[in-house]
Amino acid sequence: MQFQSYWHDTARPFAHAVQGPVEGHYDVAVIGAGFTGLAAARQLAKAGVKVVVLEAERVGWGASGRNGGHLNNGLAHSFLSAKSALGPERAIALYRAFDDSIDTIETIIAEEGIDCNFRRAGKLKLASKPQHFNAIARNFEAVHKEVDPETALLSAGDLKSEVGSPFHGAMLSKKSAMMHMGCYVVGLAAAAVRHGAVIFEKAAVTGHRQGNGRHSLETGRGTVTADHVLVATGAYTPSTFGYFRRRIISVGSFLLATRPLSDAEVAATMPGNRTCVTSMNIGNYFRLSPDKRLIFGGRARFSATSDQRSDAKSGDILRAGLAEIFPQLAGIEIDYCWGGLVDMTKDRYPRAGYADGVWYAMGYSGHGAQLSTHLGMIIADAIMGKADRNPVKGLGWPAVPGHFGKPWFLPVVGLYYKTLDRFM
Numbered sequence: 247m248q249f250q251s252y253w254h255d256t257a258r259p260f261a262h263a264v265q266g267p268v269e270g271h272y273d274v275a276v277i278g279a280g281f282t283g284l285a286a287a288r289q290l291a292k293a294g295v296k297v298v299v300l301e302a303e304r305v306g307w308g309a310s311g312r313n314g315g316h317l318n319n320g321l322a323h324s325f326l327s328a329k330s331a332l333g334p335e336r337a338i339a340l341y342r343a344f345d346d347s348i349d350t351i352e353t354i355i356a357e358e359g360i361d362c363n364f365r366r367a368g369k370l371k372l373a374s375k376p377q378h379f380n381a382i383a384r385n386f387e388a389v390h391k392e393v394d395p396e397t398a399l400l401s402a403g404d405l406k407s408e409v410g411s412p413f414h415g416a417m418l419s420k421k422s423a424m425m426h427m428g429c430y431v432v433g434l435a436a437a438a439v440r441h442g443a444v445i446f447e448k449a450a451v452t453g454h455r456q457g458n459g460r461h462s463l464e465t466g467r468g469t470v471t472a473d474h475v476l477v478a479t480g481a482y483t484p485s486t487f488g489y490f491r492r493r494i495i496s497v498g499s500f501l502l503a504t505r506p507l508s509d510a511e512v513a514a515t516m517p518g519n520r521t522c523v524t525s526m527n528i529g530n531y532f533r534l535s536p537d538k539r540l541i542f543g544g545r546a547r548f549s550a551t552s553d554q555r556s557d558a559k560s561g562d563i564l565r566a567g568l569a570e571i572f573p574q575l576a577g578i579e580i581d582y583c584w585g586g587l588v589d590m591t592k593d594r595y596p597r598a599g600y601a602d603g604v605w606y607a608m609g610y611s612g613h614g615a616q617l618s619t620h621l622g623m624i625i626a627d628a629i630m631g632k633a634d635r636n637p638v639k640g641l642g643w644p645a646v647p648g649h650f651g652k653p654w655f656l657p658v659v660g661l662y663y664k665t666l667d668r669f670m
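Going by my numbering, the sequence shown opens with residue 247, and the numbers climb by one from there.
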């Protein structure tokens, strides 16, 4: 078993990073070479803007290369909850932004010729308990009527041809998709470079100074200056940007990838070949990879760290969860085990805009694979003074009380959600 991301290991490495010292002046400096930063850099470079991307590790190293491979439309919350919290107009706008996000990714893939196994698979929100199906059905009625007619409500009987495990029904979101995340992020980076962007890897930003209308960004390899800065680092935001560290809660998310399944095992486990998410608060998400592995993930442990020891402990928990949902795969060989950090906000809605002298887009709360490309392009347009299409503009974002970067409170949060799952 390898303790590394399946997406990292099975994608061709990015080969166009600039070598030598980090130096020069740019119109825009983007911090972070994930989906958000690379999409923004591509958009800016296409318009003739001089843009540099500074990545602490390598292209796609963070959340963009450590997720479950889902491109699910819809919100992290139920649509009914979003309407109550945000009001109908913003809830609908944000829901449609997720729809637009998948369209945006599909368009980029076609325009840039990125080979990443993109497919409109559809997503199943699976009811783990009978009462969960009642809540899913109520939410479906509102979604189907008000914002997304390309949805369907499936009974437990309907699911027999979809998932080889007993659930109590599901909501099907037909616009949802899947892709190979590693191939996409490398292809997106290569596209940004083709259009004129400069990308430095192994160039962690260690200092930021601002004055006289100009930013100075220090790295271990040198310093660049820029007229504008976009912080696109999510859960991996450096301490230099304390404003965001006080508002982002970094939570571990963990995954397994089995050995490739036989055709018979696929038919018995995931015959529908969709992306799937269970309805538990501490639930699981799963899909088949392009080479027919089951990629099975979840918030196995409420941890703010992801290293091999943490991944191994979480992997044991995920093995048990996999065997519970798919007993026919109990004991199957696991080829990959990995973890990553998710950039959560307190209310689990994303944030983007301009604050503390810099532009930003982050806080995707587990739904960033789909929204980040789109939101990166939207913020790039805002930097260039184009029409503001930001679906979360003006949404308040207070700091989390008592939080200064290390989320000490996660074990308590985890216990709370485990208790909810036990009794509700």
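Glycine residues also receive a C-beta, built at the ideal position from the N, C-alpha and C atoms.
When we look at the beta-carbon of residue i and count the other beta-carbons within 10 Å, is it buried (16 or more) or exposed?
{"i": "H254", "result": "buried"}
{"i": "A576", "result": "exposed"}
{"i": "N458", "result": "exposed"}
{"i": "S251", "result": "buried"}
{"i": "A546", "result": "Its pLDDT being 49, under 50, A546 is placed unreliably by the model, and the measurement read from it follows with that caveat. Label assigned to A546: buried."}
{"i": "A503", "result": "buried"}
{"i": "R491", "result": "buried"}
{"i": "A416", "result": "buried"}
{"i": "Q377", "result": "exposed"}
{"i": "R460", "result": "exposed"}
{"i": "N313", "result": "buried"}
{"i": "H323", "result": "buried"}
{"i": "E408", "result": "buried"}
{"i": "V658", "result": "With a pLDDT of 46 at V658, under the threshold of 50, the modelled position of that residue is not reliable, and the figure given next carries that caveat. Exposed, because fewer than 16 other Cβ atoms sit within 10 Å of the Cβ of V658."}
{"i": "N319", "result": "buried"}
{"i": "H474", "result": "buried"}
{"i": "M590", "result": "buried"}
{"i": "A291", "result": "buried"}
{"i": "L661", "result": "For L661, the pLDDT reaches just 45, beneath the cut-off of 50, and the residue's location in the model is therefore unreliable, although a value from the coordinates is still provided. With fewer than 16 Cβ atoms within 10 Å of its Cβ, L661 is classed as exposed."}
{"i": "G294", "result": "exposed"}
{"i": "N380", "result": "exposed"}
{"i": "E301", "result": "buried"}
{"i": "P596", "result": "buried"}
{"i": "G266", "result": "exposed"}
{"i": "R366", "result": "exposed"}
{"i": "D349", "result": "exposed"}
Specify, as a first and last residue, the run of the beta strand (DSSP E) that residue i falls within.
{"i": "N530", "result": "N530 to L534"}
{"i": "S251", "result": "Unbroken run through S251: none, as it is neither H nor E."}
{"i": "A513", "result": "Per DSSP, A513 belongs to no beta strand (DSSP E); it is in the alpha helix (DSSP H), D509 to T515."}
{"i": "Y489", "result": "No beta strand (DSSP E) contains Y489, which is instead part of the alpha helix (DSSP H) from G488 to R491."}
{"i": "T469", "result": "G468 to V477"}
{"i": "S419", "result": "A416 to S419"}
{"i": "A607", "result": "V604 to M608"}
{"i": "A494", "result": "It is worth fixing the name first, because residue 494 is Ile in this sequence and not Ala. Neither: I494 is in no beta strand (DSSP E) and is coded neither H nor E."}
{"i": "A601", "result": "R597 to A601"}
{"i": "G410", "result": "From DSSP, G410 is part of no beta strand (DSSP E); its letter is neither H nor E."}
{"i": "F260", "result": "Careful: F260 lies outside any beta strand (DSSP E) and carries neither H nor E."}
Going by Cα to Cα distance, which pick from the options is closest to residue i?
{"i": "H441", "options": "A633, N636, A286 and I629", "result": "A286"}
{"i": "D345", "options": "A443, S419 and S401", "result": "S419"}
{"i": "A472", "options": "E269, F413 and V274", "result": "V274"}
{"i": "G603", "options": "I580, M417, V477 and A302", "result": "V477"}
{"i": "Y582", "options": "V431, S327, D593 and D562", "result": "D562"}
{"i": "G614", "options": "I354, S525 and A598", "result": "A598"}
{"i": "H316", "options": "A322, R288 and Y531", "result": "Y531"}
{"i": "K592", "options": "M608, A437 and K632", "result": "M608"}
{"i": "P334", "options": "P637, P647 and W643", "result": "P637"}
{"i": "A423", "options": "V475, V470, G368 and Y606", "result": "G368"}
{"i": "R467", "options": "E387, H474, T452 and A481", "result": "T452"}
{"i": "A601", "options": "G640, P573 and L617", "result": "G640"}
{"i": "T486", "options": "E464, S496, P506 and G498", "result": "E464"}
{"i": "L370", "options": "A513, E396 and K329", "result": "E396"}
{"i": "A438", "options": "T619, R288 and K538", "result": "R288"}
{"i": "L400", "options": "V393, D394 and I382", "result": "I382"}
Can you tell me where the alpha helix (DSSP H) holding residue i begins and where it ends?
{"i": "C429", "result": "M427 to R440"}
{"i": "E335", "result": "P334 to E358"}
{"i": "G622", "result": "G614 to I629"}
Looking only at DSSP bridge pairs, what is residue i linked to?
{"i": "F325", "result": "Partner(s): none; F325 has no beta bridge."}
{"i": "T504", "result": "I580"}
{"i": "Q456", "result": "H461"}
{"i": "T524", "result": "L372"}
{"i": "I445", "result": "V299"}
My parser needs the beta strand (DSSP E) runs of 3 or more residues fully inside the region 369-403; what are they? Secondary structure in the region 369-403: the beta strand (DSSP E) runs of 3 residues or longer, each lying completely within the stretch, are 369-372 and 397-400 in chain order.
For a minimum of 3 consecutive residues, which ranges assigned as the beta strand (DSSP E) are wholly contained in the region 262-325? Counting only runs of at least 3 residues, the region 262-325 fully encloses the following beta strand (DSSP E) elements, listed from N- to C-terminal order: 271-277 and 297-300.
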